[in-house]
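Enquirer: Per UniProt numbering, the very first residue in the sequence shown carries number 1; after that it's consecutive.
To start, I am sharing the structure in question, which I have written as structure tokens.
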Amino acid sequence: MKTFCLLLILIHVVLSTCVQDVNAIYEVFGLSLDGIVNGKVWQFLSYGFLHGNWWHLAVNTMCIALLGLKLQQILDWKKALAVTMLAVLLGGGGYLLMNVFLPENQQGVLVGVSGGMMGLLLCLTTLDPDHRIWVTRIRSKHLGMGFLISSLCLALLTPALGVPVFSSIGEMLGNVFGEEMFYVSHACHFGGGIAGLFCGQYILRMIR
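Now the structure itself:
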């Protein structure tokens with residue numbers, strides 16, 4: 001997983017220093033509903049290797065490294081990477097599904113490996129559900145489900161989605177905390193988390 005994180009950093013360094021029109025790269029390799037409709041199926045995976053800025057990259061790679069190395073202690077690096085990639089795929093699917101119901105002017109291009117990060121988290125908390133998180137002493141399975149449910153709720157609260165009641169609450173939250181909270185693809189996080197949850201459950205069944 002260290003090698004995977006280094007690859008993410010290397011890609012961002014190259015794009016930041018050697019590419020003049022980065023937006024053109026994002027349009028080709030970032031994930032968008034328009035891109036998939038036009039046959040750019042590679043976007044289902046390629047979007048996870050791109051990041052919007054250094055802060056976005058730093059948070060994602062740090063979490064991927066910590067969670068991935070922890071999962072490697074239980075499985076191996078190949079399985080940990082497979083969980084990450086499956087979560088990227090399902091996270092992308094969640095993002096696209098949400099975009100189907102959004103107005104065209106609200107549809108964007110998704111980049112980032114945070115769906116894979118959520119997959120690693122949910123896989124870990126499923127495999128070791130009774131582990132107590134340091135300081136908080138929260139059981140890991142409760143932490144994992146908390147993140148998963150929160151991602152679903154935040155996705156439904158997106159004002160542009162127009163879900164009755166949820167949309168109104170989302171507008172109020174946006175006024176208080178800023179509309180930026182809905183710039184994050186919570187649907188992608190939810191899809192990635194579902195992938196990690198199923199991976200963890202499958203591995204437990206195989207062990208038993």
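Built from N, CA and C at the ideal position, the CB exists for glycine as well.
Can you tell me the Cα-Cα spacing of L10 and G115, whole angstroms?
Expert: Within the sequence shown, the letter at position 10 stands for residue 10. Within the sequence shown, the letter at position 115 stands for residue 115. Taking the straight line joining both Cα atoms gives about 20 Å.
Enquirer: DSSP state of L50, grouped into three classes?
Expert: For the purposes of this step, residue 50 is identified with residue 50 of the sequence shown, where counting begins at 1. L50: coil per DSSP, three-state reduction.
Enquirer: Between the region 183 to 197 and the region 151 to 158, can you find at least three pairs of beta-carbon atoms closer than 8 Å?
Expert: Contact between the region 151 to 158 and the region 183 to 197 is present, because at least three Cβ pairs lie under 8 Å.
Enquirer: If you follow the alpha helix (DSSP H) that T125 is part of, which residue opens it and which one closes it?
Expert: In the sequence shown, counting from the first residue as 1, residue 125 sits at position 125. Taken as a continuous stretch (DSSP letters only), the alpha helix (DSSP H) holding T125 covers S114 to L127.
Enquirer: From the DSSP output, in three-state form, read off R205 for me.
Expert: Within the sequence shown, the letter at position 205 stands for residue 205. DSSP places R205 in helix when its eight states are reduced to three.
Enquirer: Short of 7 Å in beta carbon distance, which residues of its chain neighbour M172, apart from the five on each side in sequence? Order them along the chain.
Expert: As a first step, residue 172 must be located in the sequence shown, where it is residue number 172. Nothing meets the Cβ criterion.
Enquirer: Tell me the rounded alpha-carbon separation between I25 and M85.
Expert: The residue you call residue 25 lines up with position 25 of the sequence shown. The residue you call residue 85 lines up with position 85 of the sequence shown. Near 21 Å, if we compare the C-alpha coordinates of M85 and I25.
Enquirer: Does the beta-carbon of C18 have 16 or more other beta-carbons within 10 angstroms, so that it is buried, or is it exposed?
Expert: Taking the first residue of the sequence shown as 1, we reach residue 18 at position 18. With fewer than 16 other Cβ atoms within 10 Å, it is exposed.
Enquirer: Going by beta-carbon coordinates alone, are I74 and F4 separated by less than 9 Å?
Expert: The count along the sequence shown starts at 1 and reaches residue 74 at position 74. The count along the sequence shown starts at 1 and reaches residue 4 at position 4. Against a cut-off of 9 Å, the Cβ pair of F4 and I74 comes out as no contact.
Enquirer: According to DSSP, which residues form a beta bridge with R139?
Expert: As a working mapping, residue 139 is identified with position 139 in the sequence shown. Note: R139 sits in a beta bridge opposite R132.
Enquirer: Report all residues from its chain with a CB closer than 7 Å to the CB of L56; omit the five preceding and five following residues, and keep chain order.
Expert: Translated into the one-based positions of the sequence shown, residue 56 becomes position 56. Note on identity: in this sequence residue 56 is His, with Leu being the wrong assignment. Hits under 7 Å: G112.
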